[in-house]
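**Q** In terms of the numbering used here, the sequence shown opens at residue 7 and continues consecutively.
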Amino acid sequence: MNIKQIRLDSFGPYENWTFTSGPNGVQLVYGANESGKTSLLEGMRSLLFGGKHKKYGYVSGSLELDKEGTAYHLGRQNKNLDFYSFGEPSIKDEPNQLWWHGLDKKTYNRTFGLTLEDLQGVDILNEVDVRARFFGAEGGEQLGGVVKSIETNANDLLVASASGKRRINVLIDQLQENKARLSALGEHETQYVELQQALKASEDTEAEIQNQIKEWQDYREGVEMVLRAWDTYRRSEEARRRMQQFTSPDTLDRDAFLSIDEGLREARQNMQLWLDKEEALKPENFDPNSPFTTYGQDIEDLIQQGAKWEQLRRECEEGEAYIAKVKEQLDFSRGLQSSWRKDESVPTDVNWFEGERLSKRLRTAKDQLLYWQSQAPSLQKEPKISEDSSSVDTGENSPVNTWAQQELQAVMTDIADLESRLGEHGSIRMAAMPIWLQRIGGIGAVVGVLMSLAGLIALESVLYSIGGIILLILGLGLFWYGWRLRHVDDSDVARLMRELERLQQRKSYLETQLDAPLPVASDVPNLETAAIEQRYNDEGKQLQANYEKALAEWQAWIPEGAAKSLDEDDFFSMKHEYDQYSEQLRTIEGYEKRLDEHKESLRLIEDQAVTLWYNLGVEAPVSPTELKRIYNQYKNFQQQMIRWEQKESQRKSYRMEYDNWHRKEKELLLEQKALLEKSGLSGANEYRQKLIDEDQFKQWETIYKQSQVQLDLLTPDGENKDLFYRRLREGNKENWTDELAHADQELNARKDAMANLYEKRGQIVEAMRALGSDQEQREAIQQRQELESELESALEDWATQVVIAHCMERAQQSYEEESQPKMLELASQYIKRLTNGAYTFDMWGLQDGLALLNERGERLPIYHWSSGLADQVYLALRLALAKVFSYQVDALPIILDDILVRFDEDRQKSALELLAELGEHQQIWLFTCQQQVYYMGQAIAGIDTHILQRA
Numbered sequence: 007m008n009i010k011q012i013r014l015d016s017f018g019p020y021e022n023w024t025f026t027s028g029p030n031g032v033q034l035v036y037g038a039n040e041s042g043k044t045s046l047l048e049g050m051r052s053l054l055f056g057g058k059h060k061k062y063g064y065v066s067g068s069l070e071l072d073k074e075g076t077a078y079h080l081g082r083q084n085k086n087l088d089f090y091s092f093g094e095p096s097i098k099d100e101p102n103q104l105w106w107h108g109l110d111k112k113t114y115n116r117t118f119g120l121t122l123e124d125l126q127g128v129d130i131l132n133e134v135d136v137r138a139r140f141f142g143a144e145g146g147e148q149l150g151g152v153v154k155s156i157e158t159n160a161n162d163l164l165v166a167s168a169s170g171k172r173r174i175n176v177l178i179d180q181l182q183e184n185k186a187r188l189s190a191l192g193e194h195e196t197q198y199v200e201l202q203q204a205l206k207a208s209e210d211t212e213a214e215i216q217n218q219i220k221e222w223q224d225y226r227e228g229v230e231m232v233l234r235a236w237d238t239y240r241r242s243e244e245a246r247r248r249m250q251q252f253t254s255p256d257t258l259d260r261d262a263f264l265s266i267d268e269g270l271r272e273a274r275q276n277m278q279l280w281l282d283k284e285e286a287l288k289p290e291n292f293d294p295n296s297p298f299t300t301y302g303q304d305i306e307d308l309i310q311q312g313a314k315w316e317q318l319r320r321e322c323e324e325g326e327a328y329i330a331k332v333k334e335q336l337d338f339s340r341g342l343q344s345s346w347r348k349d350e351s352v353p354t355d356v357n358w359f360e361g362e363r364l365s366k367r368l369r370t371a372k373d374q375l376l377y378w379q380s381q382a383p384s385l386q387k388e389p390k391i392s393e394d395s396s397s398v399d400t401g402e403n404s405p406v407n408t409w410a411q412q413e414l415q416a417v418m419t420d421i422a423d424l425e426s427r428l429g430e431h432g433s434i435r436m437a438a439m440p441i442w443l444q445r446i447g448g449i450g451a452v453v454g455v456l457m458s459l460a461g462l463i464a465l466e467s468v469l470y471s472i473g474g475i476i477l478l479i480l481g482l483g484l485f486w487y488g489w490r491l492r493h494v495d496d497s498d499v500a501r502l503m504r505e506l507e508r509l510q511q512r513k514s515y516l517e518t519q520l521d522a523p524l525p526v527a528s529d530v531p532n533l534e535t536a537a538i539e540q541r542y543n544d545e546g547k548q549l550q551a552n553y554e555k556a557l558a559e560w561q562a563w564i565p566e567g568a569a570k571s572l573d574e575d576d577f578f579s580m581k582h583e584y585d586q587y588s589e590q591l592r593t594i595e596g597y598e599k600r601l602d603e604h605k606e607s608l609r610l611i612e613d614q615a616v617t618l619w620y621n622l623g624v625e626a627p628v629s630p631t632e633l634k635r636i637y638n639q640y641k642n643f644q645q646q647m648i649r650w651e652q653k654e655s656q657r658k659s660y661r662m663e664y665d666n667w668h669r670k671e672k673e674l675l676l677e678q679k680a681l682l683e684k685s686g687l688s689g690a691n692e693y694r695q696k697l698i699d700e701d702q703f704k705q706w707e708t709i710y711k712q713s714q715v716q717l718d719l720l721t722p723d724g725e726n727k728d729l730f731y732r733r734l735r736e737g738n739k740e741n742w743t744d745e746l747a748h749a750d751q752e753l754n755a756r757k758d759a760m761a762n763l764y765e766k767r768g769q770i771v772e773a774m775r776a777l778g779s780d781q782e783q784r785e786a787i788q789q790r791q792e793l794e795s796e797l798e799s800a801l802e803d804w805a806t807q808v809v810i811a812h813c814m815e816r817a818q819q820s821y822e823e824e825s826q827p828k829m830l831e832l833a834s835q836y837i838k839r840l841t842n843g844a845y846t847f848d849m850w851g852l853q854d855g856l857a858l859l860n861e862r863g864e865r866l867p868i869y870h871w872s873s874g875l876a877d878q879v880y881l882a883l884r885l886a887l888a889k890v891f892s893y894q895v896d897a898l899p900i901i902l903d904d905i906l907v908r909f910d911e912d913r914q915k916s917a918l919e920l921l922a923e924l925g926e927h928q929q930i931w932l933f934t935c936q937q938q939v940y941y942m943g944q945a946i947a948g949i950d951t952h953i954l955q956r957a
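(1) If you drop the 5 nearest sequence neighbours on each side, which residues of the same chain put their C-beta closer than 6 Å to that of residue 212?
(2) Are the region 225 to 238 and the region 747 to 761 touching, with three or more C-beta to C-beta distances below 8 Å?
(3) Of all the options 57, 479 and 73, which has the alpha carbon lying nearest to the alpha carbon of residue 927?
(4) Could you spell out where the beta strand (DSSP E) holding residue 857 opens and where it closes?
(5) Given this structure, state the Cα-to-Cα distance separating residue 318 from residue 417, to the nearest angstrom.
(6) Report yes or no: do the region 908 to 926 and the region 11 to 20 share at least 3 C-beta pairs separated by less than 8 Å?
(7) Thinking residue 56 and residue 100 are a contact (beta carbons under 8 Å), I'd like their distance in whole angstroms, please.
(8) Note down the Cα distance separating residue 940 from residue 699, rounded to an integer number of angstroms.
(9) For residue 873, count neighbouring C-beta atoms within 10 Å of its own C-beta (all shown protein chains included) and say buried if the count is 16 or more, exposed if not.
(10) Under 8 Å, with one C-beta from each stretch per pair, do the region 111 to 121 and the region 886 to 900 reach the 3-pair mark?
(11) With DSSP as the reference, please indicate the residues paired to residue 36 in a beta bridge.
(12) Could you have a look at residue 903 and say whether DSSP puts it in helix, strand or coil?
(13) Between residue 603 and residue 339, what straight-line distance do the alpha-carbon atoms span, to the nearest angstrom?
(14) Evaluate residue 96 with the Cβ neighbour count: other Cβ atoms within 10 Å of its Cβ, from every protein chain shown; 16 or more gives buried, anything less gives exposed.
(15) How would you label residue 48, buried or exposed, when you count the other beta carbons within 10 angstroms and need 16 or more for buried?
(16) Thinking C-alpha only, which one of 879, 315, 944 and 791 is nearest residue 833?
(17) Taking the alpha helix (DSSP H) that residue 260 belongs to, which residues open and close that run?
(18) Taking 8 Å as the threshold (C-beta atoms), are residue 488 and residue 449 in contact?
(19) Quick check on DSSP: helix, strand or coil for residue 62?
(20) Check each candidate in 644, 50, 869 and 80 and name the one with the smallest Cα separation from residue 855.
(21) Let's see if you can read the secondary structure: which residues bound the alpha helix (DSSP H) around residue 604?
(22) Would a C-beta distance cut-off of 8 Å place residue 364 and residue 486 closer than the cut-off?
(23) Would you mind reading off the limits of the alpha helix (DSSP H) that contains residue 869?
(24) Tell me, please, whether the CB atom of residue 600 is closer than 8 Å to any CB atom in chain B?
(25) Just list the residues that DSSP pairs residue 23 with in beta bridges.
(26) So, for residue 950: in the same chain, excluding its five sequence neighbours on each side, which residues have a beta-carbon less than 8 Å away from its beta-carbon?
(27) Kindly indicate the opening and closing residues of the beta strand (DSSP E) around residue 119.
(28) Which residue wins for smallest C-alpha separation from residue 326, given the options 595, 882, 426 and 52?
(29) Which residue or residues does DSSP assign as beta-bridge partners of residue 90?
(30) Tell me whether residue 847 is buried or exposed, calling it buried when 16 or more other Cβ atoms sit within 10 Å of its Cβ.
(31) To the nearest angstrom, how far is the alpha carbon of residue 903 from that of residue 677?
(32) If I measure Cβ to Cβ from residue 920 and keep anything under 7 Å in the same chain, skipping five residues before and after, which residues do I get?
(33) Along the chain, where does the alpha helix (DSSP H) containing residue 299 start, and where does it finish?
(34) Tell whether a beta-carbon distance below 8 Å holds between residue 249 and residue 802.
(35) If you count every other CB in all the chains shown that lies within 10 Å of the CB of residue 86, and 16 or more means buried, which is it?
(36) Helix, strand or coil: how does DSSP classify residue 889 here?
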């Protein structure tokens, strides 16, 4: 029978707890102290046999069992049994009655479900229940039952207790009461008194002998206690010596480290597992780790900007050409300007307000001067007055003629400059080119619109639509560029023609002024005329001075780069040319700013492309054409990747599992590193060694404490513990054995003396009975006789039961001599396995007591066994009993709780190997708090290892 699953709904520390066993025969469960191993053992016992636990009460839970291929459910809810096979009616009988011939819980606990305390001693072989079950397993079930029944009948007659209420005990009490009554009724005759004195003396002697017997019994018990405590004391001393070898370990977080260590082991096993699986599916002639895998999205992002990239490159090239063209036209326009010199730059800041004021002032002064000239007084035949400030001058050196000649010379120079500019412009040729550009741009825009509509509606092609949009943009740009060239050129020629016409008009006016006749002085003096002339001349001087001052201020204001021959009438044309030039210059700056923005966008795209080229390892120059080639390669890679993923979908799942375990390994390594840093240790091996040392220390500490507790229990009541320990330290086991034999001799001597005293007392009592005369005494004596007769009959019945029991025991021993060798032979084999061949049972010396034989054939009695060797012998006996029981009844699960504590590592390994071999035919549960046992179990086939966790 095997236990497949354990569920504890409520039992001790377990609440809603489930545990599932593995497929192997041995279930090794590791748990630290106080983790609930013993509680789990008690829970399994209670589920199998029921009953109320003295500490945890009734159990609530269930076991899933497998018996000969049939699944059973064994559940208990307090006192209620829920026992059935799946798909079958409920079973009312207990499992021990149905399957195990009435095996009781006590016998199971002493044979199959063992703690380290239950394992101790070989008294189990002498227990009636165990022997009866053993005989039952061998066919002697009825004989064992008879032995048990006879012992029960004997106990019904007499119990070894002062307060016992059995039949013989009651009769003895009544006889004692009768004795006291007879003593009170005794007469004071001399003989009766002497008899009473003799009786009293016998009682004193009895009391003295009883005291001696008690003293020797106490002494014997003390010696026997010393002998019983001898091995425990030696074991405690050995444990204390071993504890001194290991310094008190530092407090280490064992559970955290073991959890991390187990997690790392599991992670690495799974990593290797998934890696091996992935390697088995690794494709050929295809690299899934190509840069296209990492930078595929970058390629997609860049290809989406491919049209923009090409457009930006084209627009930047066209923009640079256009700006160069516009600058060239601007320079040419500068050459056509009449108010500004071509060889000098145009100032950026001009005070046009001041210029306008000065031009108005100069115009006013000039108009006043001309008006003065037109209002000259008539002197005889001449209509005009000379402009000279002192007299009427008819010579060529007058101020008006000088100024007119200078002005005429400047105007002729500007006319020649304008004519040369008009000759260089070639207005007819420039006017023809923009017309063709406009026509080509319009045609391209129409074709672009048609392509976009066809791509969206008819062909449903995004690239076709994008090409149409690009062509539309280019056509509109070319149309606008031709229109602008045409209109800018026409406006420049018209402006130059207007300026040339104005200068020619100015030239005609100045030539008219120079050709006009001047007034001639009259020879006839006239006082009135002289006064008028004088006043006229004075006014002319003043106006001439005002004019010259205004002219000087005007010429001083004329900006750098402007023609110096400009007069006040040229102010607005100069300002118009300046504003037109500034507007064109701002337009160019706007173009340059937009061109810089385009260049920045182009630079960002090309920087992205350079980075992508570098990541992909492409050495070709960065260009949209190369991007298309890379994009085609990427698309081909994607197609291959799709085919590869379709074939390798399982590999991807393996890789995902591997990555998950790899991340878990890294997390656990970080946790382990933090734990190591916290503990101040350099590595996991050192930490693990510390834990092993701690286990060794705690193991020996546990042994020491258990030994101390046993010594405390073995210390006689009322005796000083230190004195008891000193007797153990200073004594010798052989001397104490001799003292025990001497005490037995003394006790036997005192018992013989007591028997003689009882015989003598009987004689005295008989004599006193003969002396009894009164009715009450006779009645008391008669009652005594009746009681003695009844007691004698009861004693005969008791003696008969004892004799029958003795005979049955002899028969049982006789049967055991025939049956027990099979079990002992099996136990001997197990002992040899557990001790690595060092010992076997002394099969031929059982009459001298249980002993072992070493490799040289030397006999080793039980009192020479070490605690570890004793545990190994006791374990071998239990395993042999369980094996023999399984031959005829059933292979019950064996549950062992920390029974390897006192085994060394070699014998622990041998024990695990033996258990794994037995587990092939019988399920074995092994609970341990030793980490090395847990690791040993992992390395042995046939053992499932678990870590006990209650939550």
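Where a beta carbon is used, it is the ideal one built from N, C-alpha and C, also for glycine.
The structure displayed is predicted, hence computed values, not measured ones.
**A** Looking at the coordinates:
(1) Taking the sequence shown and counting its residues from 1, one reaches residue 212 at position 206. So the list reads 763, once near-sequence residues are dropped.
(2) yes
(3) Counting from 1 along the sequence shown, the entry for residue 927 is found at position 921. Selected option, being the one with the closest Cα: 73.
(4) Taking the first residue of the sequence shown as position 1, residue 857 is located at position 851. It spans 857 to 860 - the beta strand (DSSP E) in which residue 857 sits, taken as one unbroken run.
(5) Position 312 of the sequence shown holds residue 318. Position 411 of the sequence shown holds residue 417. Rounded to whole angstroms, residue 318 to residue 417 spans 50 Å at the Cα level.
(6) With the cut-off at 8 Å, the region 908 to 926 and the region 11 to 20 do not touch.
(7) Within the sequence shown, residue 56 is the residue found at index 50, counting from 1. Within the sequence shown, residue 100 is the residue found at index 94, counting from 1. Between residue 100 and residue 56 the Cβ distance is about 7 Å, and since that is below 8 Å, they are a contact.
(8) Taking the sequence shown and counting its residues from 1, the one referred to as residue 940 is at position 934. Taking the sequence shown and counting its residues from 1, the one referred to as residue 699 is at position 693. Using only the alpha carbons, I get a separation of about 16 Å.
(9) Translated into the one-based positions of the sequence shown, residue 873 becomes position 867. Per the 10 Å Cβ criterion, buried.
(10) yes
(11) Looking up residue 36 in the sequence shown gives position 30. As computed with DSSP, residue 36 is found in a beta bridge with 934 and 953.
(12) Counting from one through the sequence shown, the residue named residue 903 turns up at place 897. If DSSP states are grouped into helix, strand and coil, residue 903 belongs with the strands.
(13) If you number the sequence shown from 1, residue 603 lands on position 597. If you number the sequence shown from 1, residue 339 lands on position 333. Approximately 28 Å, taken between the alpha carbons.
(14) As a first step, residue 96 must be located in the sequence shown, where it is residue number 90. It counts as exposed.
(15) Position 42 of the sequence shown holds residue 48. By the 10 Å Cβ count, residue 48 comes out buried.
(16) Walking along the sequence shown from the start, residue 833 turns up at place 827. Measuring from the Cα of residue 833, the nearest candidate turns out to be 879.
(17) Working through the sequence shown from its first residue, we reach residue 260 at position 254. Annotation: the continuous alpha helix (DSSP H) that includes residue 260 extends over 260 to 286.
(18) If you number the sequence shown from 1, residue 449 lands on position 443. If you number the sequence shown from 1, residue 488 lands on position 482. For residue 449 and residue 488, no; Cβs fall outside 8 Å.
(19) Working through the sequence shown from its first residue, we reach residue 62 at position 56. Reduced to three states, the DSSP call for residue 62 is coil.
(20) The count along the sequence shown starts at 1 and reaches residue 855 at position 849. Minimum Cα distance to residue 855 is reached at 869.
(21) Position 598 of the sequence shown, counted from the start, is the residue given in the question as residue 604. Where residue 604 is concerned, the enclosing alpha helix (DSSP H) stretches over 577 to 622.
(22) Translated into positions along the sequence shown, residue 364 becomes position 358. Translated into positions along the sequence shown, residue 486 becomes position 480. No, the pair does not count as a contact, with Cβ atoms beyond the cut-off.
(23) Looking up residue 869 in the sequence shown gives position 863. Per DSSP, residue 869 belongs to no alpha helix (DSSP H) and is neither H nor E.
(24) The structure shown contains no chain B, having only a single protein chain.
(25) Taking the sequence shown and counting its residues from 1, one reaches residue 23 at position 17. 14.
(26) Here residue 950 is taken as the residue at index 944 of the sequence shown, counted from 1. Around residue 950: 27, 28, 29, 30, 32, 33 and 34.
(27) Your numbering for residue 119 matches position 113 in the sequence shown. Per DSSP, residue 119 belongs to the beta strand (DSSP E) from 119 to 121.
(28) In the sequence shown, the residue the question calls residue 326 occupies position 320. Among 595, 882, 426 and 52, the Cα nearest to that of residue 326 belongs to 595.
(29) In the sequence shown, residue 90 corresponds to position 84, counting from 1. Per DSSP, 79 and 96.
(30) The residue labelled residue 847 in the question sits at position 841 within the sequence shown. Residue environment analysis places residue 847 among the buried positions, since at least 16 neighbouring C-beta atoms fall within 10 angstroms of its C-beta.
(31) As a position in the sequence shown, residue 903 is number 897, starting the count at 1. As a position in the sequence shown, residue 677 is number 671, starting the count at 1. One C-alpha to the other measures close to 32 Å.
(32) The residue labelled residue 920 in the question sits at position 914 within the sequence shown. So the qualifying residues of the chain are 836, 839 and 840.
(33) Mapped onto the sequence shown, residue 299 falls at position 293. Counting along the chain, the alpha helix (DSSP H) containing residue 299 begins and ends at 297 to 310.
(34) Along the sequence shown, read from residue 1 onward, the residue named residue 249 stands at position 243. Along the sequence shown, read from residue 1 onward, the residue named residue 802 stands at position 796. The answer is no: Cβ separation not under 8 Å.
(35) Walking along the sequence shown from the start, residue 86 turns up at place 80. So residue 86 counts as exposed.
(36) Mapped onto the sequence shown, residue 889 falls at position 883. Here residue 889 sits in helix by DSSP.
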